[in-house]
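*Asks:* So that we are looking at the same thing, I have put the structure below in structure tokens.
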Amino acid sequence: MTPKLKVFLGALAITVPLDQLTKLAVIQSLSFADRVPVIEGFFYLTHVRNPGSAFGLFASSPEPYRSIFFIGVTGVAMLMILSFYRRLAPGDRFPALALGLVLGGAAGNLIDRIRIGEVVDFLHFRLWGGYSWPDFNLADSFIVVGVALLILELLATEGERRADPAGTESQQ
Numbered sequence: 001m002t003p004k005l006k007v008f009l010g011a012l013a014i015t016v017p018l019d020q021l022t023k024l025a026v027i028q029s030l031s032f033a034d035r036v037p038v039i040e041g042f043f044y045l046t047h048v049r050n051p052g053s054a055f056g057l058f059a060s061s062p063e064p065y066r067s068i069f070f071i072g073v074t075g076v077a078m079l080m081i082l083s084f085y086r087r088l089a090p091g092d093r094f095p096a097l098a099l100g101l102v103l104g105g106a107a108g109n110l111i112d113r114i115r116i117g118e119v120v121d122f123l124h125f126r127l128w129g130g131y132s133w134p135d136f137n138l139a140d141s142f143i144v145v146g147v148a149l150l151i152l153e154l155l156a157t158e159g160e161r162r163a164d165p166a167g168t169e170s171q172q
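Using this note's numbering, the first residue of the sequence shown is number 1, and each one after it goes up by one.
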């Protein structure tokens, strides 16, 4: 097994179960629309459902079309992630980790959509001036962290390429 595959599968083996277990715990322990303070005035555990996408986009679209759309888009995104993964060199662990986090997050939310028709969100933050960030879940967090890691990798490799435009390091 290549180093990239170990890291990729490891990320999937952690993210999907962790996401699903936390959502199950929320469903079993909190009533719908409950809000439990963890850090009063800042961080709360909630139990909300999001039939749409990020920030509730498309939440009011008709049900059969919404489900087909989100399941289809997620499937295409997952295939793209696998395609990117296949193009990595065998030792590319960092981007494999990032892609594993993104794929694990996408899979976690896809499982919700297939199983219950919407995504369970439970992390709620109140920010300055009474603004509340839209509720989210661990799958969303894994996706954001994975994308951030991919951006860091891109910036680092681009910086290396610009620092050595003749490619003399790779020839040594």
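For each residue, glycine too, the CB sits at the ideal point set by N, CA and C.
Quick check: the region 89 to 105 against the region 6 to 25, are at least 3 beta-carbon pairs closer than 8 Å?
*Replies:* yes
*Asks:* Excluding the 5 residues preceding and the 5 following Thr74 in the sequence, name in chain order all residues of the same chain whose CB lies nearer than 8 Å to its CB.
*Replies:* Ala106, Asn109, Leu110, Arg113
*Asks:* So what's Asp19 in DSSP terms, helix, strand or just coil?
*Replies:* It is helical.
*Asks:* What separation, rounded to the nearest whole angstrom, lies between the Cα atoms of Ile39 and Arg126?
*Replies:* 10 Å
*Asks:* How many angstroms separate the CA atom of Met80 from the CA atom of Ile27?
*Replies:* 31 Å
*Asks:* What are the start and end residues of each continuous alpha helix (DSSP H) run of 4 or more residues lying completely inside the region 64 to 140, in chain order?
*Replies:* 93 to 116
*Asks:* With contact counted as at least three CB pairs below 8 Å, one residue from each stretch, are the region 84 to 95 and the region 132 to 141 in contact?
*Replies:* no
*Asks:* According to DSSP, simplified to helix, strand and coil, what is Phe42?
*Replies:* In the structure shown, Phe42 sits in coil (DSSP, three-state: anything other than H, G, I, E or B).
*Asks:* Look at the Cβ atom of Leu123, then the Cβ atom of Phe142, and state whether they are nearer than 8 Å.
*Replies:* Contact check for Leu123 against Phe142 fails: the beta carbons are separated by 8 Å or more.
*Asks:* Given a threshold of 16 other Cβ atoms within 10 Å of its Cβ, counted over all protein chains shown, does Tyr44 qualify as buried or as exposed?
*Replies:* Tyr44 is classed as buried because its beta carbon has at least 16 other beta carbons within 10 Å across all chains shown.
*Asks:* Indicate the three-state DSSP secondary structure (helix, strand or coil) for Pro37 in the structure shown.
*Replies:* strand
*Asks:* Pop quiz: Pro62 and Leu150 are said to be a contact at Cβ under 8 Å. What is the actual Cβ separation, rounded to whole angstroms?
*Replies:* That pair is no contact at about 34 Å.
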